[in-house]
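Quick notes on the structure that follows.
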């Protein structure tokens, strides 16, 4: 009797696919068998084919005919975010979720993922590969990319969640449908933008440590991924600053409050930080052609640090006039020294003969860590309004 009552709740599991004829049948059959035998709630598996050019769509329709609670949706345009938006926005389930077709995440984590959403305890839930209790098998390249990206999110955007890219997420349907109009990306940045928007509105994000095994067939362009992410972060920061990121959310959801003034300072600091980071990478790349890495790093960091302090002085913390400008720059050099130590240390740890792209990523990670320190120093020390009032 108890099981029947529980199964009246419905969870929709979306499997977005693009040219996945190799793995689709085995993965969906495995997922269906697991949910049928182990999942105590009602479920629906939706295969969302986004413009595959191989035999994926035919296999998806066959699976929908063969297996109960499986359906297939076809999109004419490519994009994982686009596929999730289509299915989630039309869903009648209590909770919508998705997982990658390779099923890299252990399915035993699925019930802990959705249970807090069905109980109303949380609004969104994500699997995290970066928790201490997570067990992860993947190559150093993917590990480096993932940790770099999430460090950038935490340091530049102030994100509180630990793993934005894990393909294992769930959202209460009413929350997803409220947030989707505020999410612009249709590709891989979709997850990050959704999470940042949710956190901006004070929604509760539950994290589940997962066991995860890397798919060896994955192909990632490291530099292009980093640049796309920076562009996405810059766009989100602009929207937040302009107020366009504010959207209606369910009224009963309580919103978290940031310390006084930080709600306006964070997006402005993020915009300055993204522009400074791009300028730093460009200047470092130019100088690297004529001087060694450490010298190029120091020169690029010094120039952008001076400009960064000046921009944050006026734009982020609203300090105008020339009074105290020299003191602010002098104190801002403390943050410069922290950044110099972090970036120089990261470069010195690199083995000889690494590619220019790896150099750039190393200094990008260290720069992200230095950015977090910079914001804290600027907020609580350099531009602290109490200091200005006393003086």
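In our numbering, the protein residues as written are 7 to 397. Ideal Cβ positions, reconstructed from N, Cα and C, are used throughout, including at glycine.
Can you give the Cα-Cα distance for residue 346 and residue 360, rounded to whole angstroms? Rounded to the nearest angstrom, the two C-alpha atoms are 20 Å apart.
Rounded straight-line distance, which links the Cα of residue 369 to that of residue 375: Looking at the two C-alpha atoms, the distance is approximately 10 Å.
Using the rule of at least 16 other Cβ atoms within 10 Å of the residue's Cβ for burial, across every protein chain shown, is residue 406 buried or exposed? Coverage of the chain is limited to positions 7 through 397, which leaves residue 406 absent and any answer about it impossible.
Would residue 335 and residue 309 be called neighbours here (beta carbons separated by less than 8 Å)? No, the pair does not count as a contact, with Cβ atoms beyond the cut-off.
Just to confirm, are residue 168 and residue 367 a CB contact at a threshold of 8 Å? Cβ atoms of residue 168 and residue 367: not closer than 8 Å.
Return the bridge partner residues of residue 218 from the DSSP annotation. Beta-bridge pairing links residue 218 to 111, 142.
Closest to residue 125 by CA distance: which of 145, 149, 16, 105 is it? Of the candidates 145, 149, 16, 105, the one whose C-alpha sits nearest the C-alpha of residue 125 is 16.
Using only the alpha-carbon positions, how far apart do residue 386 and residue 354 sit? Rounded to the nearest whole angstrom, the CA to CA distance from residue 386 to residue 354 is 31 Å.
By the 10 Å Cβ neighbour count, where 16 or more other Cβ atoms means buried, how is residue 271 classified, buried or exposed? The residue in question, residue 271, is buried, as its Cβ has 16 or more Cβ neighbours within 10 Å.
Going by DSSP, which residues form a beta bridge with residue 77? In DSSP, residue 77 forms a bridge with 52.
Where does residue 2 sit, in a helix, a strand or coil, going by DSSP? Lying before the first or after the last residue shown, residue 2 is absent from the chain, which here runs from 7 to 397.
Once DSSP output is grouped into helix, strand and coil, what is the label at residue 270? The three-state reading of DSSP puts residue 270 in helix, counting H, G and I together.
Using alpha carbons as the reference points, say which of 195, 188, 78, 381 lies closest to residue 204. Distance from the Cα of residue 204 is smallest, within the candidate group 195, 188, 78, 381, for 188.
Please work out which residues of its chain come closer than 7 Å, Cβ to Cβ, to residue 261, disregarding the five sequence neighbours upstream and downstream, and give them in chain order. Low local confidence applies: a pLDDT of 47 at residue 261 is under 50, so the model's placement there is unreliable, and no value is given.
Of all the alpha helix (DSSP H) runs that stay within the bounds of the segment 307-355, which reach a length of 4 or more residues? Note on the segment 307-355: whole alpha helix (DSSP H) runs with a minimum of 4 residues are 331-355, in chain order.
Taking 8 Å as the cut-off, decide whether the C-beta atoms of residue 192 and residue 31 are in contact. No; because the gap between Cβ atoms is not below 8 Å, this pair is not in contact.
Using a 10 Å radius around the Cβ and a threshold of 16 neighbouring Cβ atoms, would you call residue 43 buried or exposed? Counting every other CB atom within 10 Å of its CB across the protein chains shown gives residue 43 a total below 16, marking it as exposed.
Go through its chain and collect everything with a Cβ distance to residue 377's Cβ below 7 Å, but skip five positions before and after it. Excluding sequence positions up to five before and after residue 377, its CB lies within less than 7 Å of the CB of 161, 162, 279, all in the same chain and listed in chain order.
Give the straight-line distance between the Cα atoms of residue 18 and residue 90, rounded to the nearest whole angstrom. Going by the C-alpha atoms only, they are around 11 Å apart.
Going by beta-carbon coordinates alone, are residue 303 and residue 349 separated by less than 8 Å? For residue 303 and residue 349, yes; Cβs fall inside 8 Å.
Does DSSP put residue 19 in a helix, a strand or coil? Residue 19: strand per DSSP, three-state reduction.
Expressed to the nearest angstrom, what Euclidean distance is found between the alpha-carbon atoms of residue 264 and residue 59? For residue 264, the predicted structure reports a pLDDT of 49, less than 50, and the residue's modelled location is therefore unreliable. The matter cannot be settled from this model.
Hey, which unbroken runs of the alpha helix (DSSP H) at 4 residues or more fall wholly within the segment 156-205? Listed in chain order, the alpha helix (DSSP H) runs fully inside the segment 156-205 are 179-185, counting runs of at least 4 residues.
Given 8 Å, three or more beta-carbon pairs between the segment 44-52 and the segment 128-141: Between the segment 44-52 and the segment 128-141 there are fewer than three C-beta pairs closer than 8 Å, too few to call the two in contact.
Would you kindly check if the distance between the Cβ of residue 321 and the Cβ of residue 274 is under 8 Å? The answer is yes: Cβ separation under 8 Å.
Reduced DSSP category for residue 59 - H, G, I as helix; E, B as strand; rest coil: Coil at residue 59, not helix or strand.
Enumerate in chain order the residues of its own chain whose CB-to-CB distance from residue 157 is below 7 Å, with the five nearest sequence positions on each side excluded. Taken in chain order, the residues that qualify are 371, 374, 375.
Report the three-state DSSP secondary structure of residue 136 (helix, strand or coil). The three-state secondary structure of residue 136, taken from DSSP, is coil.
Distance check for residue 151 and residue 171, CA to CA, integer angstroms please. Taking the Cα positions, residue 171 is about 10 Å away from residue 151.
Does DSSP classify residue 209 as helix, strand or coil? Here DSSP, grouped into helix, strand and coil, assigns residue 209 to coil.
Under DSSP, the beta strand (DSSP E) around residue 103 begins and ends at which residues? Unbroken beta strand (DSSP E) run through residue 103: 101-105.
Buried or exposed by the 16-neighbour rule on C-beta atoms within 10 Å, applied to residue 276: That one is buried.
In chain order, what residues of the same chain have a beta carbon less than 6 Å from the beta carbon of residue 165, not counting five sequence neighbours either side? If we look at residue 165 and ignore the five residues flanking it on each side, its Cβ neighbours are 159.
Please report the straight-line C-alpha distance between residue 65 and residue 76, rounded to a whole angstrom. Here the alpha carbon of residue 65 sits roughly 12 Å from the alpha carbon of residue 76.
Determine, using beta carbons only, whether residue 57 and residue 82 come nearer to each other than 8 Å. Between residue 57 and residue 82, the CB-CB gap stays under 8 Å.
Would you kindly report the start and end of the unbroken alpha helix (DSSP H) that includes residue 42? Unbroken alpha helix (DSSP H) run through residue 42: 30-44.
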